[in-house]
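See structure below.
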Amino acid sequence: MNLTIIGTGYVGLVTGTCFAEMGNTVTCVDIDSKKIENLRQGIIPIYEPGLEAMVQRNVDNRTLFFSTKLEDSLGDCDMAFIAVGTPMGEDGSADLKYVLDVAAEIGRYMSQPLIIVDKSTVPVGTADKVKEVIQQELEKRGKDIEFHVVSNPEFLKEGDAISDFMKPDRVVVGTEDKETAEKMRQLYSPFFRSSMDRMLVMDVRSAEMTKYVANAMLATKISFMNEVANICELVGADVNKVRIGIGSDSRIGYSFIYPGSGYGGSCFPKDVKALKKIAEQNGYNAQLLHAVEDVNDRQKFVVANKVINHFGENLKGKTFAVWGLSFKPGTDDMREAPSIYIIKKLTNLGAKIKAYDPKAIHEAKEFYLKDVVNIDYVSSKYEALKDADALLLLTEWKEFRSPDFKSLKENLKTPIIFDGRNQYDGERLEHLGFTYHQIGKE
Ligand code: NAD
Numbered sequence: 001m002n003l004t005i006i007g008t009g010y011v012g013l014v015t016g017t018c019f020a021e022m023g024n025t026v027t028c029v030d031i032d033s034k035k036i037e038n039l040r041q042g043i044i045p046i047y048e049p050g051l052e053a054m055v056q057r058n059v060d061n062r063t064l065f066f067s068t069k070l071e072d073s074l075g076d077c078d079m080a081f082i083a084v085g086t087p088m089g090e091d092g093s094a095d096l097k098y099v100l101d102v103a104a105e106i107g108r109y110m111s112q113p114l115i116i117v118d119k120s121t122v123p124v125g126t127a128d129k130v131k132e133v134i135q136q137e138l139e140k141r142g143k144d145i146e147f148h149v150v151s152n153p154e155f156l157k158e159g160d161a162i163s164d165f166m167k168p169d170r171v172v173v174g175t176e177d178k179e180t181a182e183k184m185r186q187l188y189s190p191f192f193r194s195s196m197d198r199m200l201v202m203d204v205r206s207a208e209m210t211k212y213v214a215n216a217m218l219a220t221k222i223s224f225m226n227e228v229a230n231i232c233e234l235v236g237a238d239v240n241k242v243r244i245g246i247g248s249d250s251r252i253g254y255s256f257i258y259p260g261s262g263y264g265g266s267c268f269p270k271d272v273k274a275l276k277k278i279a280e281q282n283g284y285n286a287q288l289l290h291a292v293e294d295v296n297d298r299q300k301f302v303v304a305n306k307v308i309n310h311f312g313e314n315l316k317g318k319t320f321a322v323w324g325l326s327f328k329p330g331t332d333d334m335r336e337a338p339s340i341y342i343i344k345k346l347t348n349l350g351a352k353i354k355a356y357d358p359k360a361i362h363e364a365k366e367f368y369l370k371d372v373v374n375i376d377y378v379s380s381k382y383e384a385l386k387d388a389d390a391l392l393l394l395t396e397w398k399e400f401r402s403p404d405f406k407s408l409k410e411n412l413k414t415p416i417i418f419d420g421r422n423q424y425d426g427e428r429l430e431h432l433g434f435t436y437h438q439i440g441k442e
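With the first letter of the sequence shown counted as 1, position 255 gets the number 255 in full-length UniProt numbering; the numbers rise by one all the way through.
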């Protein structure tokens, strides 16, 4: 098929590249001309394992193209995917400006029957709005062209995006039109070689809702476990043991019940807020979602509070090594990363930070921690430790899992670790002479 992907960010670039990999001809369009110019030269704007090589292969095979001009690619296109951002608006609802701008552009330029697929995360009812905007533009041009708007929310995880897209747990397709559902089935069939049972076709509104509910459920699990961790500390229980104790119940399971420093990233915070807002706009107070957010807002400061409990409120003259800045491992994405809140709190109290992250230093330095002066970025995890009063582990990158504790102890001024991701065996560390603070165990 000939596909146009509009918006070449995390979702659009991965989507376009994976469809090209399966033999489709794909044009990825973006209004950011610098991004498109870079992509044409093989410079990938994000860090995502495996993506660079796959982009290059498909560019070389002439199955993947980049453009700033939507009008050029819509001419002979079977499907146009909307994959632009839906950031949080001022009132917490999803800002649909970019999605509706794209809809208007599609209406202005489409010249033949088209399936428009919404991959962006959008509130229930957005497909109807997109349809309305396209229809209005067509009417302005005096054109009557058939089109269908499909909801096809994306569930990929940054850091595992390629494998999530190539081997999806499920693909959700919202459409009431049988022929359109069949075309979507054809597009996705190479991703489901054994059975198409995992392609779930439903009505548009349920598909739009599914994406928010999936993210809200995952955020709820995280906040639930963080709440439990805080209670464990107060009663002298060990959340690591409680986690295993409950996970072994097959009704609960082990996934997504790790305590930590709270969720971040570009999706969970904004999607929980948006779902709360959708409920509110429909006269319903989503109490549980309020609590999920409140717990998370508090959790982002737990590591900083532990540092303050240990060193006191005045942190002048103290230096802390920070391992990990991105909101989770495997990505350079710093959006809503707990590290931002922790580092700002500690530096406001006078501390100096020596930070190391395998991929996110550029993002942190240029954007998210730009206004923090008391921070040095270093190029290795051990360099960060030199003369530091303690180590703070904030993102569980694999390279932090099994460090050389001897060298860690030699480099730190005092052998203290604040672990915001519960990566280490507390008993072993105490035996090695460390003071080890973790989440959910005193
Ligand atoms: P992003 O910010 O990385 O990328 C969006 C891109 O759209 C940018 O490159 C921007 O320049 C481009 N754009 C904006 N307006 C445009 C226009 N009129 N024409 C062409 N391009 C335009 O966003 P993202 O992280 O890829 O997220 C996109 C959507 O997918 C969001 O709704 C998000 O919630 C959802 N989503 C994201 C993830 C994720 O892990 N990042 C996962 C699943 C779903």
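Backbone N, C-alpha and C define an ideal beta-carbon position, used for all residues, glycine too.
These numbers come from a predicted model, not from an experiment.
- Using a cutoff of 7 Å, the CB of serine 266 counts as near the ligand NAD, since one of the ligand's heavy atoms is closer than that.
- Remark: the C-beta of threonine 121 is in contact range of the ligand NAD, defined as less than 7 Å to any heavy atom.
- Threonine 86 is a Cβ neighbour of valine 122, given a cutoff of 8 Å.
- If you check the C-beta of alanine 384 against the ligand NAD, you find no heavy atom less than 7 Å away.
- Annotated three-state conformation of asparagine 2 is strand, per DSSP.
- Of the candidates His437, Pro113, Thr126 and Glu48, His437 places its Cα closest to the Cα of lysine 306.
- DSSP places tyrosine 436 inside the beta strand (DSSP E), whose first and last residues are 435-438.
- Distance between arginine 421 and arginine 141, taken at the CA atoms: about 56 Å.
- According to the DSSP assignment, phenylalanine 65 belongs to the beta strand (DSSP E) that extends over 64-67.
- The straight-line gap separating the alpha-carbon atoms of alanine 104 and asparagine 2 is approximately 21 Å.
- Residue burial is scored here from C-beta neighbours: proline 113 has fewer than 16 other C-beta atoms within 10 angstroms and is therefore classed as exposed.
- For glycine 426, there is no enclosing beta strand (DSSP E); the enclosing alpha helix (DSSP H) has its first and last residue at 426-431.
- At the C-beta level, leucine 74 and threonine 4 come within 8 Å of one another.
- When C-alpha distances from arginine 298 are compared across Pro338, Pro329 and Asp177, the shortest belongs to Pro338.
- Taking 8 Å as the upper bound for CB-CB distance, glycine 174 and alanine 216 are not in contact here, some 18 Å apart.
- Exposed is the label assigned to arginine 40, since fewer than 16 other Cβ atoms lie within 10 Å of its Cβ.
- Out of Ser163, Asp404 and Asp203, the CA that lies nearest to the CA of aspartate 128 is found in Asp203.
- The distance from the Cβ of glutamate 139 to that of tyrosine 109 is about 15 Å, inconsistent with a contact at the 8 Å cut-off.
- For histidine 148, DSSP records a beta bridge to Ile115.
- With the rule of 3 Cβ pairs closer than 8 Å, the segment 321-339 counts as touching the segment 143-161.
- Distance check between cysteine 267 and each of Ala229, Leu288, Tyr254 and Asp333 places Asp333 closest, using alpha-carbon atoms only.
- For isoleucine 116 against valine 149, the beta-carbon gap comes to about 5 Å, under 8 Å, which counts as contact.
- DSSP places phenylalanine 268 in no beta strand (DSSP E) but in the uninterrupted alpha helix (DSSP H) bounded by 268-281.
- Contact between valine 303 and leucine 394 holds: CB atoms are separated by about 7 Å, below the 8 Å threshold.
- Look at the beta carbons and you see the segment 236-251 not touching the segment 188-201: under three pairs across the two are nearer than 8 Å.
- Taking all protein chains in view, the Cβ of phenylalanine 367 is surrounded by fewer than 16 other Cβ atoms within 10 Å, so the residue is classified as exposed.
- Around the CB of tyrosine 356, 16 or more other CB atoms lie within 10 Å, so the residue is classed as buried.
- Exclusion of tyrosine 212 from the 7 Å shell around the ligand NAD follows from its C-beta lying no nearer than that to any non-hydrogen atom of the ligand.
- Sorting Tyr341, Leu392 and Val99 by C-alpha distance to the C-alpha of leucine 408 places Leu392 at the top.
- Taking a contact as a CB-CB distance under 8 Å, the pair leucine 385 and leucine 412 counts as one, their CB atoms being some 5 Å apart.
- At the C-beta level, leucine 349 and glutamate 396 stay beyond 8 Å of one another.
- Straight-line measurement puts the Cα of aspartate 60 at about 11 Å from the Cα of alanine 20.
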